[in-house]
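Enquirer: Letter by letter, the sequence shown follows residues 0 to 297 of numbering that gives the first Met the number 0.
Cβ coordinates follow ideal geometry from the N, Cα and C atoms, glycine included.
None of the values given here were measured: they were computed from a predicted structure.
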Amino acid sequence: MPVFISYSHSDEEFVNKFAAHLVKHNTHVWVDTWNLSIGDSILSKVQEAIEESSALILVLSKQSVESEWCKKELNSALMRELDEKRVIVLPILLEDCNIPLFLREKMYADFRSSFDAGLTSVVDSLARISNQQQSRIASSNGHVDWSMTWGFQQGLLNANFTIIEQSTGAPFTVLSQISIKCNRQATQRYRQYMSLGLDWYCQFLFTTSIANAVCEKDLHLVLESTEKETIDVKVQDSKLGVEFIVQVESSRLGEDTGKDILVNATRYINDISRYVKSVTRDLTSDESSRLQLLLLAR
Numbered sequence: 000m001p002v003f004i005s006y007s008h009s010d011e012e013f014v015n016k017f018a019a020h021l022v023k024h025n026t027h028v029w030v031d032t033w034n035l036s037i038g039d040s041i042l043s044k045v046q047e048a049i050e051e052s053s054a055l056i057l058v059l060s061k062q063s064v065e066s067e068w069c070k071k072e073l074n075s076a077l078m079r080e081l082d083e084k085r086v087i088v089l090p091i092l093l094e095d096c097n098i099p100l101f102l103r104e105k106m107y108a109d110f111r112s113s114f115d116a117g118l119t120s121v122v123d124s125l126a127r128i129s130n131q132q133q134s135r136i137a138s139s140n141g142h143v144d145w146s147m148t149w150g151f152q153q154g155l156l157n158a159n160f161t162i163i164e165q166s167t168g169a170p171f172t173v174l175s176q177i178s179i180k181c182n183r184q185a186t187q188r189y190r191q192y193m194s195l196g197l198d199w200y201c202q203f204l205f206t207t208s209i210a211n212a213v214c215e216k217d218l219h220l221v222l223e224s225t226e227k228e229t230i231d232v233k234v235q236d237s238k239l240g241v242e243f244i245v246q247v248e249s250s251r252l253g254e255d256t257g258k259d260i261l262v263n264a265t266r267y268i269n270d271i272s273r274y275v276k277s278v279t280r281d282l283t284s285d286e287s288s289r290l291q292l293l294l295l296a297r
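#1: What separation, rounded to the nearest whole angstrom, lies between the Cα atoms of Leu57 and Val121?
#2: I want to check one thing, is the minimum distance from the CB of Asp285 to the heavy atoms of the ligand GTP below 7 Å?
#3: Classify Gln184 as buried or exposed, calling it buried when 16 or more other Cβ atoms lie within 10 Å of its own Cβ.
#4: Would you decide whether Arg280 is buried or exposed? Buried here means 16 or more other CB atoms lie within 10 Å of its CB.
#5: Since Thr148 contacts Val213 with CB under 8 Å, what's their CB separation in whole angstroms?
#6: So what's Gln62 in DSSP terms, helix, strand or just coil?
#7: Restricting to runs no shorter than 3 residues, where is the beta strand (DSSP E) found entirely within the region 73-108?
#8: Measure the alpha-carbon distance for Thr26 versus Ile271 and round it to whole angstroms.
#9: With a 10 Å radius around its C-beta and 16 neighbouring C-beta atoms as the bar for buried, classify Asn269 as buried or exposed.
#10: Just to confirm before moving on: does the CB-CB distance between Ile136 and Ile179 stay below 8 Å?
#11: Under the DSSP definition of a beta bridge, which residues are partnered with Gln153?
#12: Would you identify the three-state DSSP class for Thr256, choosing helix, strand or coil?
#13: Report the three-state DSSP secondary structure of Ser36 (helix, strand or coil).
#14: What whole-angstrom Cβ distance do Ile98 and Leu59 have, given they're in contact under 8 Å?
#15: Please confirm whether Gly196 has its beta-carbon closer than 8 Å to some beta-carbon of chain D.
#16: According to the Cβ coordinates, are Pro170 and Glu226 closer than 8 Å?
#17: Taking the alpha-carbon positions, what's the Asp198 to Tyr192 distance?
#18: CA-CA distance, Ser112 and Ala76?
#19: Considering just the uninterrupted stretch of the alpha helix (DSSP H) at Cys201, what are its terminal residues?
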């Protein structure tokens with residue numbers, strides 16, 4: 000999900016600079032002048048972007064606090080904040096101005112004296128809601144906390160997912176470890192992306208590839224006791240020419256209810272893949288060009 004930036008067009012020069020720095024920090028941003036095309040319905044596109052965003056950054060200036068359009072964007076985001084009971088609106092202060100009443104109790108990133116200090120505050124705050132490496136996936140029945148790491152073992156790329164599932168009202172949790180071993184072709188491709196500083200994008204591609212492949216596999220385990228259950232599968236992506244060995248280990252913690260527990264590892268991987276996709280920005284034109292040249296030179 001992108002981060003929506005609400006601002007007055009009189010502050011466009013600042014916003015372009017600010018958004019470009021967020022992109023360099025791998026933040027997926029939505030800016031009207033960047034994302035709207037000729038013929039688009041401005042109202043519907045903006046409303047859709049706000050509803051689908053992970054956060055709304057409101058640039059506070061003398062012009063924006065008087066802008067009726069900015070007020071509408073803020074109201075939409077505040078309604079989401081109340082409904083979802085989580086922080087949606089992140090105000091940043093560009094200059095001294097009359098801060099809207101409903102924002103006065105919020106901490107803001109201060110850009111008045113230092114752009115770098117203000118940017119650091121925003122990046123730190125966004126990391127809590129758009130970190131590609133970890134998050135919480137909530138549902139009406141409970142939540143899943145997860146994290147992932149990427150590294151090399153014996154010269155080959157490996158990914159490891161740690162997943163803890165807690166169901167509402169249940170006296171136990173389920174702990175799962177999903178280990179993904181990549182073949183030499185996958186490792187070579189990852190190193191190519193890494194040489195351009197695009198390892199984060201390759202992680203997104205591989206996570207998506209694995210999620211698509213495991214949909215055809217039965218990655219379900221039944222926990223009948225405290226004993227750890229394990230399943231291994233080999234999956235391929237013929238389009239990318241890569242192969243992965245996926246190993247799932249699950250165990251139960253907490254009270255023994257005497258009932259078996261079904262672990263759906265396919266759902267875990269798909270939910271994580273959807274989250275990673277939502278927070279991964281598109282490559283810039285320069286990044287795409289450099290990557291294309293590198294891959295063609297293989």
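Expert: With the structure as the only source:
#1: 11 Å
#2: This structure lacks the ligand GTP, and indeed carries no ligand of any kind.
#3: exposed
#4: It counts as buried.
#5: In this structure Thr148 does not touch Val213 by the C-beta definition: roughly 19 Å separates them, more than the 8 Å allowed.
#6: coil
#7: DSSP runs (the beta strand (DSSP E)) wholly in the region 73-108: 88-92.
#8: 17 Å
#9: In summary, Asn269 is buried, with 16 or more beta-carbon neighbours lying within 10 Å of its beta-carbon over all protein chains present.
#10: no
#11: According to DSSP, Gln153 bridges with nothing at all.
#12: coil
#13: Of the three classes helix, strand and coil, the one that applies to Ser36 here is coil, per DSSP.
#14: That belief holds up - the Cβ atoms of Ile98 and Leu59 are roughly 6 Å apart, short of 8 Å.
#15: Chain labels in this structure do not include chain D; a single protein chain is all it has.
#16: no
#17: 5 Å
#18: 27 Å
#19: Segment 198-213, the alpha helix (DSSP H) holding Cys201.
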